[in-house]
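Protein chains: 2
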Amino acid sequence: MLPYKSLIQVDRNTPVTLHIQVCNSFIVLITNGTLQPSDVLPSSRMLAELIGINRNTVKLAYEELISQGWAESVERKGVFVLSGLPIQPKIKLPETNKNSRSQEAFIWTNQFENSVPGDNFQHTVLTIDDGFPDVRLAPIDPLMREYRSLSRKFFGKNFLKYGSSRGSEHLRHSISNYLSNTRGLVVPVEDMLITKGSQMGIYLAAQLLLQPADYIAVGTSNYCFADDTFRYSGANLLRIPVDGNGMDVNYLEDILKHKKIRAVYTIPHHHFPTTVTMSMERRLKLLNLAKEYRFAVIEDDYDFDFHYDNKPYLPLASIDHNHNVIYIGSISKTFAPALRVGFMTGPPAFIEAASSLRQLIDKQGDTLLEEAFAVMYDNGEMERHFRKSLKIYKQRRNLFCQLLKSDFEGIIEFKVPEGGLGVWSNFDQSIDLIKMSENALKKGLYIGNGNFYKNESFSTNALRMGFASMEENEMTAALGILKTILR
Amino acid sequence: MLPYKSLIQVDRNTPVTLHIQVCNSFIVLITNGTLQPSDVLPSSRMLAELIGINRNTVKLAYEELISQGWAESVERKGVFVLSGLPIQPKIKLPETNKNSRSQEAFIWTNQFENSVPGDNFQHTVLTIDDGFPDVRLAPIDPLMREYRSLSRKFFGKNFLKYGSSRGSEHLRHSISNYLSNTRGLVVPVEDMLITKGSQMGIYLAAQLLLQPADYIAVGTSNYCFADDTFRYSGANLLRIPVDGNGMDVNYLEDILKHKKIRAVYTIPHHHFPTTVTMSMERRLKLLNLAKEYRFAVIEDDYDFDFHYDNKPYLPLASIDHNHNVIYIGSISKTFAPALRVGFMTGPPAFIEAASSLRQLIDKQGDTLLEEAFAVMYDNGEMERHFRKSLKIYKQRRNLFCQLLKSDFEGIIEFKVPEGGLGVWSNFDQSIDLIKMSENALKKGLYIGNGNFYKNESFSTNALRMGFASMEENEMTAALGILKTILR
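If you read the sequences in order, they're chains F and Y. The opening residue of the first sequence carries number 251 in our numbering; numbering runs sequentially from there. The opening residue of the second sequence carries number 251 in our numbering; numbering runs sequentially from there.
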């Protein structure tokens with residue numbers, strides 16, 4: 251007899267009745283070949299004793315097995331596995347052998363074999379991230395208050411049903427107003443799509459614009475998940491140098507003369523990772539080139555809301571009178587990264603296609619959350635949050651840069667950023683960032699090793715160091731640890 | 251002089267200061283060519299009067315324009331648009347001409363030109379949907395309580411930061427337990443990915459499994475957004491007949507003998523739309539074929555939690571000892587459609603690749619919400635919700651079928667479904683469903699017209715009629731309206 255005591259285990263602390271648990275266990279034994287067609291099952295008395303349950307429970311389990319067509323009862327002989335079942339030969343313990351699981355039972359091409367997952371920042375270790383907001387400042391409570399209050403209302407409950415893949419119309423209104431007020435960008439509500447953070451905007455744009463072997467121009471240094479997204483579309487990346495005035499559009503122009511480019515991806519306001527801002531001359535020239543050569547400009551403006559000294563230039567989208575720009579923004583960056591809400595605007599037909607693709611990807615967003623955000627815009631809560639965090643981030647930037655200057659002279663070179671949440675820090679060549687990162691972790695500080703910013707044409711010994719998510723005491727502690735390692 | 255009174259409008263009820271608003275307006279006029287290089291700007295006194303603001307505000311706006319490099323001040327002559335600006339020739343009012351916007355400024359291929367958006371159900375009209383849960387039953391309040399309570403905790407705030415693209419580990423644990431308890435499906439936490447509803451599982455599987463011109467087998471009738479997703483991957487659909495015992499696997503076997511198929515998409519438990527359940531014989535045969543011909547089985551099990559009479563068969567995944575099955579499920583369907591949380595399991599390398607692709611699509615889910623769901627599983631709240639709604643849905647099914655039988659004899663033919671949230675209703679050929687749907691709406695009832703279920707090989711005069719989302723009085727009202735239309 252099979253070792254039923256170990257093969258069939260029941261758990262009294264689950265919602266599933268015991269007899270169904272026993273029945274399910276037998277099905278697994280039958281289908282994995284441990285029990286073969288025509289095998290006899292143990293008597294209900296014996297099994298009940300073995301696994302310590304009531305005999306009637308076993309009887310119920312057998313009845314269920316029989317009614318489901320797995321077994322048959324033969325009078326005065328017992329219960330047997332059905333003889334006609336098309337069962338495969340016995341497999342030897344496949345579940346416990348981890349290796350056999352990774353052998354592929356079906357044929358597919360793994361395009362992601364060497365892909366590197368993004369870091370998980372949901373730990374409590376002291377962290378110098380690469381420029382994230384401080385989630386402790388996010389007004390989650392007011393947001394949830396609106397969420398609950400909406401969910402209790404007759405009309406509010408409707409936002410829990412299937413809705414539009416474009417996202418909440420209310421939130422599109424609120425963001426449209428906000429864009430118009432803050433950056434002179436007039437977007438009709440129907441030309442906007444609510445996304446899951448700016449990453450979804452990049453993905454949708456890439457999928458719609460790029461066919462395999464198409465060219466897209468990106469910065470020599472660039473946001474690596476954007477690069478990966480374009481590569482996933484099958485496109486070739488053309489690297490355009492980025493200097494102190496942003497992307498070198500003259501270099502781009504030379505390429506355009508002999509190569510068809512489908513799109514240019516750019517982060518004119520605080521380029522990622524180096525934080526430079528594109529000059530107004532280059533912005534105008536880029537738009538003129540886009541018009542002449544009929545390519546799309548994907549403008550990733552994740553950072554517009556953060557500026558401390560001067561007012562920022564208007565986005566390309568605001569002065570794009572020929573409609574070449576697909577404009578992508580995010581609330582996640584200003585609120586909390588794990589609350590994935592962003593937006594995307596562009597020509598009407600393009601936004602319509604993006605909504606159709608989005609429908610295939612995940613149908614729609616969390617409309618009730620989107621509605622709650624819309625209320626937060628309308629009642630000024632978002633505005634208060636922006637103002638408050640901007641003031642705090644400015645103080646943190648000042649302190650951070652002051653500490654970098656006083657304690658890391660000759661080791662770290664940087665420019666005080668006018669906006670954004672990170673400092674582009676060039677480390678002296680003698681410093682091994684990988685070792686530094688490892689040593690820091692041993693002392694309780696998480697800091698990147700710079701690999702995230704490197705690509706086939708960019709390998710500066712540098713890091714983006716985020717200052718916004720640390721309070722004063724955390725900042726001094728973090729930089730204190732770094733100092734002991736580097737000195 | 252230009253009609254500045256209409257060209258420059260200011261809004262005192264926005265967070266942006268007036269002088270920035272004026273400055274931004276001028277930038278737009280300069281970049282769209284309304285103002286040309288070397289043009290003179292109106293005097294501050296004149297403009298202040300024209301648009302009704304303080305003269306000093308205009309002065310500030312001009313200073314901003316100058317500092318941003320758009321204009322220059324010439325002593326005793328006034329402020330001029332900078333002469334060296336690379337401005338394009340004037341465009342005639344492009345913003346107001348809707349048609350010019352839809353002409354494409356850049357080259358792209360619209361694959362979604364004829365795509366049909368899913369219905370928006372976020373209205374308050376009396377509705378017979380195609381089998382959705384009643385969102386009024388969803389325990390949103392306890393969920394939000396957990397969400398807020400987590401967000402106030404030191405460790406809880408971390409879930410607002412960037413995290414894993416696989417989703418909350420806690421929720422993966424909870425769902426893993428739940429799958430093990432309810433359907434004997436043992437899934438290691440690392441082989442699970444939290445998705446945005448089952449649609450994202452379908453999309454990820456399609457993208458990873460299918461290359462252009464690959465074949466995927468699907469039911470003759472099928473969930474149309476799954477069909478669209480496979481087509482978007484470039485795959486060809488092979489239609490397999492579905493009868494009262496589910497997908498005809500013998501038909502599939504014949505095809506396999508002369509055609510390579512990469513994957514089979516199936517909904518063995520309550521096939522969509524016809525609600526039939528696949529027989530155990532066919533399930534075993536399908537798995538054997540998958541093993542022999544090395545194709546993947548995408549098992550969409552959106553409906554497992556709803557069964558009223560017998561216990562359902564175990565999913566294919568539970569008896570898939572060769573690991574051919576990619577198993578997709580959803581919490582959205584049991585809770586609230588707009589709360590997009592689902593899961594996907596499969597071979598480890600496959601789930602890892604799916605997580606990498608998911609990272610490019612939207613980075614990650616709302617981890618704090620996922621944590622809150624996990625707590626709801628752990629503290630039994632989800633279980634209570636399932637039990638409660640199952641009881642209510644059973645009553646509603648019974649009443650709905652009783653009304654269908656008594657009031658629509660000879661018009662609607664149907665079988666009482668053992669589970670699920672909808673009744674597959676075959677209408678008499680004399681009934682024009684499109685007209686019916688239009689007439690119903692005039693009387694205040696939304697009901698589909700059947701087009702959603704049709705495809706190039708399936709065109710039955712039938713509808714899925716959802717009973718779960720209507721309370722008793724709504725149900726009698728809805729069917730009452732339908733009756734007056736059809737009789």
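All C-beta atoms in this analysis are idealised placements derived from N, C-alpha and C, irrespective of residue type, glycine included.
Next on the checklist: Does chain Y have any CB closer than 8 Å to the CB of Ala311/F?
Outcome noted: Stepping through the first sequence from its first residue, residue 311/F is reached at position 61. It does not: the Cβ of Ala311/F has no partner Cβ on chain Y nearer than 8 Å.
Next on the checklist: Rounding to the nearest angstrom, what Cα-Cα distance links Leu564/Y and Met497/Y in this structure?
Outcome noted: Translated into positions along the second sequence, residue 564/Y becomes position 314. Translated into positions along the second sequence, residue 497/Y becomes position 247. Rounded to whole angstroms, Leu564/Y to Met497/Y spans 16 Å at the Cα level.
Checklist entry - Where does the unbroken alpha helix (DSSP H) through Phe650/Y begin, and where does it stop? => result For the purposes of this step, residue 650/Y is identified with residue 400 of the second sequence, where counting begins at 1. Residues 631-657.
Next on the checklist: Can you give me the C-alpha to C-alpha distance between Phe702/Y and Met715/Y, rounded to a whole angstrom?
Outcome noted: Counted from its first residue, the second sequence places residue 702/Y at position 452. Counted from its first residue, the second sequence places residue 715/Y at position 465. Roughly 12 Å between the two C-alpha positions.
Checklist entry - CA-CA distance, Leu279/F and Ile270/F? => result Walking along the first sequence from the start, residue 279/F turns up at place 29. Walking along the first sequence from the start, residue 270/F turns up at place 20. Taking the straight line joining both Cα atoms gives about 14 Å.
Item to check | Residues near Leu536/F in its chain [Cβ-Cβ closer than 6 Å; skip 5 each side] | outcome: Locating residue 536/F in the first sequence gives position 286, counting from the first residue. Taken in chain order, the residues that qualify are Val499.
Checklist entry - Which partner residues of Gly669/Y appear in the DSSP bridge assignment? => result Indexing the second sequence from 1 puts residue 669/Y at position 419. Looking at the DSSP assignment, Gly669/Y forms a beta bridge with His557/Y.
Checklist entry - In chain order, what residues of the same chain lie with their CB nearer than 6 Å to the CB of Ile681/F, ignoring the 5 residues before and after it? => result In the first sequence, residue 681/F corresponds to position 431, counting from 1. Within the same chain, and ignoring the five residues on either side of Ile681/F in sequence, no residue has its Cβ closer than 6 Å to its Cβ.
Checklist entry - Near Ala604/F, which residues of its chain fall below 7 Å by C-beta distance, leaving aside the five closest residues on each side in sequence? => result Position 354 of the first sequence holds residue 604/F. Answer for Ala604/F: Leu443, Leu454, Leu458, Met594, listed in chain order.
Checklist entry - Apart from the five residues on each side of it in sequence, which residues of its chain come closer than 7 Å, Cβ to Cβ, to Ser555/F? => result Stepping through the first sequence from its first residue, residue 555/F is reached at position 305. Sequence inspection shows Asp at residue 555/F; the Ser mentioned does not correspond to that position. For Asp555/F, where only same-chain residues beyond five positions count, the Cβ hits under 7 Å are Thr584, Phe636.
Next on the checklist: Is the separation between the beta-carbon of Leu610/F and that of Asp478/Y shorter than 8 Å?
Outcome noted: Stepping through the first sequence from its first residue, residue 610/F is reached at position 360. Stepping through the second sequence from its first residue, residue 478/Y is reached at position 228. Cβ distance < 8 Å, so Leu610/F and Asp478/Y count as in contact.
Checklist entry - By DSSP, does Thr617/F sit in helix, in strand, or in coil? => result Here residue 617/F refers to the residue found at position 367 of the first sequence. Helix, per DSSP.
Checklist entry - Quick one: complete alpha helix (DSSP H) runs, 4+ long, within the stretch 480-506 of chain Y? => result 499-506
Checklist entry - Which parts of the stretch 397-479 of chain F are runs of the alpha helix (DSSP H), unbroken and 4 residues or longer, counting only runs that do not cross its ends? => result 419-433, 447-459
Checklist entry - Of all the residues that make up the stretch 391-412 of chain F, which are near chain Y by a beta-carbon distance shorter than 8 Å? => result Asp391, Met394, Tyr397, Arg398, Ser401, Arg402, Phe404, Phe405, Lys407, Asn408, Phe409, Leu410, Lys411, Tyr412
Item to check | Helix, strand or coil at Met594/Y according to DSSP, with G and I counted as helix | outcome: As a working note, residue 594/Y is residue 344 in the second sequence. Reduced to three states, the DSSP call for Met594/Y is strand.
Item to check | Within 8 Å of chain F by C-beta, residues of the stretch 701-712 of chain Y in sequence order | outcome: none
Item to check | N- and C-terminal bounds of the beta strand (DSSP E) containing Val290/Y | outcome: By one-based count along the second sequence, residue 290/Y stands at place 40. Element bounds for Val290/Y: n/a, residue is neither H nor E.
Item to check | Inter-residue CB distance, Ala727/Y and Arg646/Y (contact presumed, cutoff 8 Å) | outcome: As a first step, residue 727/Y is located in the second sequence; it is residue number 477 there, counting from the start. As a first step, residue 646/Y is located in the second sequence; it is residue number 396 there, counting from the start. No, Ala727/Y and Arg646/Y are not in contact; Cβ-Cβ is about 14 Å, not under 8 Å.
Item to check | Proximal residues of chain Y, C-beta to C-beta of Gln461/F below 8 Å | outcome: Here residue 461/F corresponds to residue number 211 of the first sequence, with the count starting at 1. The contacting residues are Thr359.
Checklist entry - Are any of the Cβ atoms in chain F nearer than 8 Å to that of Ile341/Y? => result Reading the second sequence from its first residue, position 91 is the one you call residue 341/Y. Residue confidence for Ile341/Y is low, a pLDDT of 47 falling below 50, so the modelled location carries little weight; the figure read from the coordinates is stated next. So yes, Ile341/Y belongs to the interface.
Checklist entry - Under 8 Å between C-beta atoms, does Lys613/F make it to chain B? => result Among the chains of the structure shown, chain B does not appear; the protein chains present are F and Y.
Next on the checklist: At the level of alpha carbons, what is the spacing between Leu713/Y and Gly615/F?
Outcome noted: Sequence index remark: in the second sequence, residue 713/Y carries index 463 (1-based). Sequence index remark: in the first sequence, residue 615/F carries index 365 (1-based). One C-alpha to the other measures close to 27 Å.
Checklist entry - Can you list the residues of chain F that Thr617/Y reaches, using a CB-CB cut of under 7 Å? => result The count along the second sequence starts at 1 and reaches residue 617/Y at position 367. Per Cβ cutoff of 7 Å: Gln372, Ala588.
Checklist entry - Would Ser501/F pass as a contact of Ile466/F if the rule is Cβ separation under 8 Å? => result Within the first sequence, residue 501/F is the residue found at index 251, counting from 1. Within the first sequence, residue 466/F is the residue found at index 216, counting from 1. Contrary to the premise, residue 501/F reads as Tyr rather than Ser in this sequence. Taking 8 Å as the Cβ cut-off, Tyr501/F and Ile466/F do not qualify as a contacting pair.
Checklist entry - In terms of residue numbering, what span does the beta strand (DSSP E) encompassing Val526/Y cover? => result Translated into the one-based positions of the second sequence, residue 526/Y becomes position 276. Unbroken run through Val526/Y: none, as it is neither H nor E.
Checklist entry - Which residue's Cα is closest to the Cα of Arg386/Y: Ile378/F, Asn408/F, Met450/F, Val375/F? => result For the purposes of this step, residue 386/Y is taken as residue 136 along the second sequence, with counting starting at 1. Nearest of Ile378/F, Asn408/F, Met450/F, Val375/F to Arg386/Y, Cα basis: Asn408/F.
Checklist entry - Under 8 Å, do Ile731/Y and Gly694/Y count as touching if we go by C-beta distance? => result Here the question's residue 731/Y lines up with position 481 in the second sequence. Here the question's residue 694/Y lines up with position 444 in the second sequence. It is a contact, given that the beta carbons lie within the stated cut-off.
Next on the checklist: For Met715/Y, list the residues DSSP reports as bridge partners.
Outcome noted: Counting from one through the second sequence, the residue named residue 715/Y turns up at place 465. For Met715/Y, which the question treats as bridged, DSSP gives the partners Val673/Y.
Next on the checklist: So Gly694/Y contacts chain F; which residues on that side make the cut at Cβ distance below 9 Å?
Outcome noted: Numbered from 1 along the second sequence, position 444 holds the residue referred to as residue 694/Y. Those within 9 Å of Gly694/Y in chain F number zero; the least Cβ separation is about 16 Å.
Checklist entry - Mind checking whether Lys411/Y and Ala388/F have CB atoms under 8 Å apart? => result Residue mapping note: residue 411/Y aligns to position 161 of the second sequence, counting from 1. Residue mapping note: residue 388/F aligns to position 138 of the first sequence, counting from 1. Against a cut-off of 8 Å, the Cβ pair of Ala388/F and Lys411/Y comes out as no contact.
Item to check | Spatial neighbours of Asp570/F in its chain, beta-carbon cut-off 7 Å, leaving aside the 5 residues before and after | outcome: Taking the first sequence and counting its residues from 1, one reaches residue 570/F at position 320. So the qualifying residues of the chain are Leu537.
Checklist entry - List, in order along the chain, the chain F residues whose C-beta lies closer than 9 Å to that of Arg646/Y? => result Start at 1 with the first residue of the second sequence, and residue 646/Y comes out as number 396. Here the premise fails: no neighbours, minimum Cβ distance about 17 Å.
Checklist entry - Does the distance from the CB of Arg590/Y to the CB of Asp612/F come in under 8 Å? => result Working through the second sequence from its first residue, we reach residue 590/Y at position 340. Working through the first sequence from its first residue, we reach residue 612/F at position 362. A contact, by the Cβ cut-off of 8 Å.
Checklist entry - Just checking my contact of Ile301/Y with Val260/Y at CB under 8 Å: how many whole Å lie between their CB atoms? => result Reading the second sequence from its first residue, position 51 is the one you call residue 301/Y. Reading the second sequence from its first residue, position 10 is the one you call residue 260/Y. About 6 Å separates the two Cβ atoms, so the contact holds.
Next on the checklist: Applying the 10 Å Cβ sphere with the 16-neighbour rule, what's the burial state of Arg326/F?
Outcome noted: Taking the first sequence and counting its residues from 1, one reaches residue 326/F at position 76. Under a 10 Å Cβ-count criterion, Arg326/F is classified as exposed, with fewer than 16 other Cβ atoms of the shown protein chains found around its own Cβ.
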